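Student: Pasting in a structure now, in structure tokens, and then I'll have a few things to ask.
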Amino acid sequence: MQHTVSSKTLVKASVSATIVAAIALVTLILPAEYNIDPTGVGQKLGLTEIALASETEAQPTAAGQKGTAEYQTIEVIVPAGRGVEYKFAMPQYAKMTYEWITDGEPLYFDLHGEPEGDTTGYFESYTIATNNEVKGSFTAPFAGSHGWYWKNKTDKPIAVQLIVKGEYDVIGLKK
Amino acid sequence: MQNNVIKISVLFVIALLGMISIEAYAHGVDDNTRAFLEQNQGVQFIPFLYIGAKHMITGYDHLLFLVGVIFFLYRSKDVLLYVTMFTIGHSTTLLLGVLGDIQVNAYLIDAIIGFSVIYKGFDNLGGFKRCFNWQPNTKVAVLIFGLFHGFGLATKLQEFHLPEDGLITNLIAFNIGVELGQFAALIFILIAINAWRHFPSFQRFSTLTNTALMSTGVMLVGLQLTGYFIN
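Protein sequences appear in the order of chains A and B. One point on numbering: in our numbering, the residue at position 50 of the first sequence is 50, and numbering is uninterrupted. Position in the second sequence (first residue = 1) + 1000 = our numbering.
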């Protein structure tokens, strides 16, 4: 059943496949996925918004800030029925004092750390519970990213006020 | 007999599509999966089975490759043979990749998977015979690309925090799920292609279809390579 097309058809097919793909990539796919928009078409069509939306979600304003002896307040929204992870980069034995409170409903949370450079997916949990207010402190047992995983089991978004101080660099929301 | 098989297959596909549409419109599905995997320890057979099947059915890159592979196969024996080669390929690297903790860059693997789609489209057009006067062994090609598809599946699974506890059982469940998902998707693709084969438009549009396949492959490669270079 399979037939071999003529050389002319083959060249035409290959060239047109590449051209169509290149046009789709440059005007639609790359703008929407990565906000790379050399032609400006993606922006006109509103596609770059998709990439921008996920970027702003991934990098809230606190990202990159260094922890000090003063408390800083970070607001994290946990969308309805979803989980988010908010992390801090900390060297070994660095200390963090924290307090967080939700705007009402309790959240399932897992305070944990992942060693720096680890690729196995290993992580160590310090506290796992469900609560709407927690105060405490911890010392990083190893260098890496430490922070909270919050899971909102309700059907409404829950805002968390996270108040922290200590030796850390804010990584922010993890995708 | 034949009719009954088709009838049952159609019903199965319809039931499955019903499930997909609910799943597709649900918000933050991947996030739920991640949360589930992070919160649950030990053997989770059915959930992993489901995640595997879902990944295959919603993983259009795997499906596009399969469309290319079975496009010109009309004998059940051939379909079975080629799909088995693909399955052997991707199961091997899925199990090896996760158990051996082989880290492969997900973007590069996905780019190769995209390339497999280009390859198959080009192959279906008789491109190798035309250009090089030589036809690479199609069964071996399916097996080799199957190996890459398996690494792709492995990287998806490695993105989650998979606890060691019950890993092998969960992995096997995931793999069985992948096969079930592939089987379900294949039934749908086969019914569509076989139905289409009876019409003259099949011959007329087979060149166009395989050109479109190549084009989608180029898009996948471009998307993944861009992702690789900017990350």
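We treat Cβ as the ideally placed atom computed from N, Cα and C, and that holds for glycine. This one's a predicted model, so the numbers in the text were calculated from it and none came from an experiment.
Is Tyr71(A) closer than 8 Å to Ile163(A) when the C-beta atoms are compared?
Tutor: The residue you call residue 163(A) lines up with position 163 of the first sequence. The residue you call residue 71(A) lines up with position 71 of the first sequence. Their beta carbons are under 8 Å apart, which means Ile163(A) touches Tyr71(A) by this criterion.
Student: Less than 6 Å between C-beta atoms, sequence neighbours within five positions excluded: which residues of the same chain meet that for Asn1210(B)?
Tutor: The residue you call residue 1210(B) lines up with position 210 of the second sequence. For Asn1210(B), where only same-chain residues beyond five positions count, the Cβ hits under 6 Å are Gly1121, Asn1124, Leu1125.
Student: Relative to the C-alpha of Asp169(A), which candidate in Ala63(A), Asp103(A), Thr102(A), Ser125(A) has its C-alpha closest?
Tutor: Indexing the first sequence from 1 puts residue 169(A) at position 169. Looking at the Cα atoms, Ala63(A) is the closest of the given residues.
Student: Quick one: is Ser14(A) near chain B, going by C-beta distance under 8 Å?
Tutor: The residue given as residue 14(A) occupies position 14 in the first sequence. Output row for Ser14(A): interface = yes.
Student: Do Phe1174(B) and Phe1086(B) count as a contact pair if the criterion is CB distance below 8 Å?
Tutor: Your numbering for residue 1086(B) matches position 86 in the second sequence. Your numbering for residue 1174(B) matches position 174 in the second sequence. The answer is no: Cβ separation not under 8 Å.
Student: Alpha carbons only, please: which of Tyr1060(B), Asn1137(B), Ile1046(B) is nearest the one belonging to Leu1186(B)?
Tutor: As a position in the second sequence, residue 1186(B) is number 186, starting the count at 1. Among Tyr1060(B), Asn1137(B), Ile1046(B), the Cα nearest to that of Leu1186(B) belongs to Tyr1060(B).
Student: Measure the CB-CB distance between Ala51(A) and Tyr34(A) and report whether it falls below 8 Å.
Tutor: Along the first sequence, one-based indexing puts residue 51(A) at 51. Along the first sequence, one-based indexing puts residue 34(A) at 34. Closer than 8 Å, so yes.
Student: Over what stretch of residues does the alpha helix (DSSP H) that includes Tyr1119(B) continue unbroken?
Tutor: The residue given as residue 1119(B) occupies position 119 in the second sequence. Unbroken alpha helix (DSSP H) run through Tyr1119(B): 1106-1124.
Student: By the 10 Å Cβ neighbour count, where 16 or more other Cβ atoms means buried, how is His146(A) classified, buried or exposed?
Tutor: Within the first sequence, numbered from 1, the residue matching residue 146(A) stands at position 146. It counts as buried.
Student: Smallest Cα separation from Ser125(A): which of Glu116(A), His112(A), Thr119(A)?
Tutor: The count along the first sequence starts at 1 and reaches residue 125(A) at position 125. When each option's Cα is compared against that of Ser125(A), the closest is His112(A).
Student: Taking the CB atoms as reference points, tell me whether Ile1088(B) and Gly1146(B) lie closer together than 8 Å.
Tutor: For this step, residue 1088(B) is matched to residue 88 along the second sequence. For this step, residue 1146(B) is matched to residue 146 along the second sequence. Going by C-beta atoms, Ile1088(B) is nearer than 8 Å to Gly1146(B).
Student: Buried or exposed, going by whether 16 or more other CB atoms sit within 10 Å of the CB of Phe1199(B)?
Tutor: Within the second sequence, the letter at position 199 stands for residue 1199(B). Label assigned to Phe1199(B): exposed.
Student: State the start and end residues of the unbroken alpha helix (DSSP H) segment that holds Ala1192(B).
Tutor: What you label residue 1192(B) is simply residue 192 of the second sequence in a count that begins at 1. Run containing Ala1192(B): 1167-1197, per the alpha helix (DSSP H) assignment.
Student: So, Ile1118(B) versus Val1221(B), is the Cβ gap smaller than 8 Å?
Tutor: One-based indexing of the second sequence puts residue 1118(B) at position 118. One-based indexing of the second sequence puts residue 1221(B) at position 221. Their beta carbons are under 8 Å apart, which means Ile1118(B) touches Val1221(B) by this criterion.
Student: By how many angstroms is the C-alpha of Pro115(A) removed from the C-alpha of Ile1144(B)?
Tutor: For the purposes of this step, residue 1144(B) is taken as residue 144 along the second sequence, with counting starting at 1. For the purposes of this step, residue 115(A) is taken as residue 115 along the first sequence, with counting starting at 1. Each residue's alpha carbon lies about 35 Å from the other.
Student: Helix, strand or coil for Phe109(A) per DSSP?
Tutor: Along the first sequence, read from residue 1 onward, the residue named residue 109(A) stands at position 109. Correct three-state label for Phe109(A): strand.
Student: Would you check if the distance between the CB atom of Phe1148(B) and the CB atom of Ile1102(B) is smaller than 8 Å?
Tutor: Taking the first residue of the second sequence as 1, we reach residue 1148(B) at position 148. Taking the first residue of the second sequence as 1, we reach residue 1102(B) at position 102. No. Outside cutoff.
Student: Given this structure, state the Cα-to-Cα distance separating Met1214(B) from Glu1159(B), to the nearest angstrom.
Tutor: The count along the second sequence starts at 1 and reaches residue 1214(B) at position 214. The count along the second sequence starts at 1 and reaches residue 1159(B) at position 159. Distance between the alpha carbons of Met1214(B) and Glu1159(B) is about 29 Å.
Student: Return the bridge partner residues of Leu173(A) from the DSSP annotation.
Tutor: Your numbering for residue 173(A) matches position 173 in the first sequence. Answer is Tyr86(A), bridged to Leu173(A).
Student: Using a Cβ distance threshold of 8 Å, determine whether the stretch 68-83 of chain A contacts the stretch 142-158 of chain A, with at least three qualifying pairs required.
Tutor: In short, these stretches touch, since the Cβ pair count reaches three.
Student: By Cβ distance below 6 Å, which residues in the same chain neighbour Phe1071(B) in space, the five residues on each side in sequence not counted?
Tutor: Position 71 of the second sequence, counted from the first residue, corresponds to residue 1071(B). If we look at Phe1071(B) and ignore the five residues flanking it on each side, its Cβ neighbours are Asn1124.
Student: By the 10 Å Cβ neighbour count, where 16 or more other Cβ atoms means buried, how is Pro31(A) classified, buried or exposed?
Tutor: Reading the first sequence from its first residue, position 31 is the one you call residue 31(A). Classification of Pro31(A): buried, given that the 10 Å Cβ count is 16 or more.
Student: If the cut is a Cβ gap below 9 Å, which residues of chain A does Ile1230(B) touch?
Tutor: Reading the second sequence from its first residue, position 230 is the one you call residue 1230(B). Per Cβ cutoff of 9 Å: Tyr34, Ile36.
Student: What is the rounded straight-line gap between the Cα of Gly136(A) and the Cα of Tyr98(A)?
Tutor: Counted from its first residue, the first sequence places residue 136(A) at position 136. Counted from its first residue, the first sequence places residue 98(A) at position 98. If I take the Cα positions, the gap works out to 5 Å.
Student: Between Ala24(A) and chain B, is there a C-beta pair that is closer than 8 Å?
Tutor: Counted from its first residue, the first sequence places residue 24(A) at position 24. Chain B contact via Cβ: present.
Student: Between Tyr1050(B) and Gly1177(B), which are expected to be in contact by the criterion C-beta below 8 Å, what is the C-beta distance as a whole number of angstroms?
Tutor: Looking up residue 1050(B) in the second sequence gives position 50. Looking up residue 1177(B) in the second sequence gives position 177. Going by Cβ atoms, the distance from Tyr1050(B) to Gly1177(B) rounds to 6 Å, so yes, they are a contact pair.
Student: Using a beta-carbon distance below 8 Å, is Gly104(A) in contact with chain B?
Tutor: Taking the first sequence and counting its residues from 1, the one referred to as residue 104(A) is at position 104. Not an interface residue.
Student: Per DSSP, which residues does Tyr98(A) bridge with? Please list them.
Tutor: What you label residue 98(A) is simply residue 98 of the first sequence in a count that begins at 1. Bridge partners of Tyr98(A): Gly136(A), Val164(A).
Student: Could you check the C-alpha separation between Thr68(A) and Leu1063(B) for me, to the nearest Å?
Tutor: The residue given as residue 68(A) occupies position 68 in the first sequence. The residue given as residue 1063(B) occupies position 63 in the second sequence. Using only the alpha carbons, I get a separation of about 52 Å.
Student: Using a 10 Å radius around the Cβ and a threshold of 16 neighbouring Cβ atoms, would you call Val84(A) buried or exposed?
Tutor: As a working mapping, residue 84(A) is identified with position 84 in the first sequence. Buried.
Student: Can you pull the chain A neighbours of Gln1158(B), defined as C-beta to C-beta under 9 Å?
Tutor: As a working note, residue 1158(B) is residue 158 in the second sequence. Within chain A, the residues near Gln1158(B) are Thr119, Thr120, Gly121.
Student: What's the C-alpha gap between Ser105(A) and Tyr149(A)?
Tutor: Working through the first sequence from its first residue, we reach residue 105(A) at position 105. Working through the first sequence from its first residue, we reach residue 149(A) at position 149. Looking at the sequence provided, one finds Glu at residue 105(A) rather than Ser. Their Cα atoms are separated by approximately 16 Å.
Student: Measuring CA to CA, which of Phe1045(B), Leu1081(B), Gly1052(B) is closest to Gly1181(B)?
Tutor: For this step, residue 1181(B) is matched to residue 181 along the second sequence. Checked all of Phe1045(B), Leu1081(B), Gly1052(B); the closest Cα to Gly1181(B) is Gly1052(B).
Student: Less than 8 Å between the C-beta atoms of Ser16(A) and Arg1130(B), yes or no?
Tutor: To locate residue 16(A), count along the first sequence from 1; it is residue 16. To locate residue 1130(B), count along the second sequence from 1; it is residue 130. In this structure, Arg1130(B) does not lie closer than 8 Å to Ser16(A) by Cβ.
Student: Within this structure, are the beta carbons of Leu1223(B) and Ile29(A) separated by less than 8 Å?
Tutor: As a position in the second sequence, residue 1223(B) is number 223, starting the count at 1. As a position in the first sequence, residue 29(A) is number 29, starting the count at 1. Going by C-beta atoms, Leu1223(B) is nearer than 8 Å to Ile29(A).
Student: Does the Cβ of Gly144(A) have 16 or more other Cβ atoms within 10 Å, making it buried, or fewer, making it exposed?
Tutor: In the first sequence, residue 144(A) corresponds to position 144, counting from 1. The residue in question, Gly144(A), is buried, as its Cβ has 16 or more Cβ neighbours within 10 Å.
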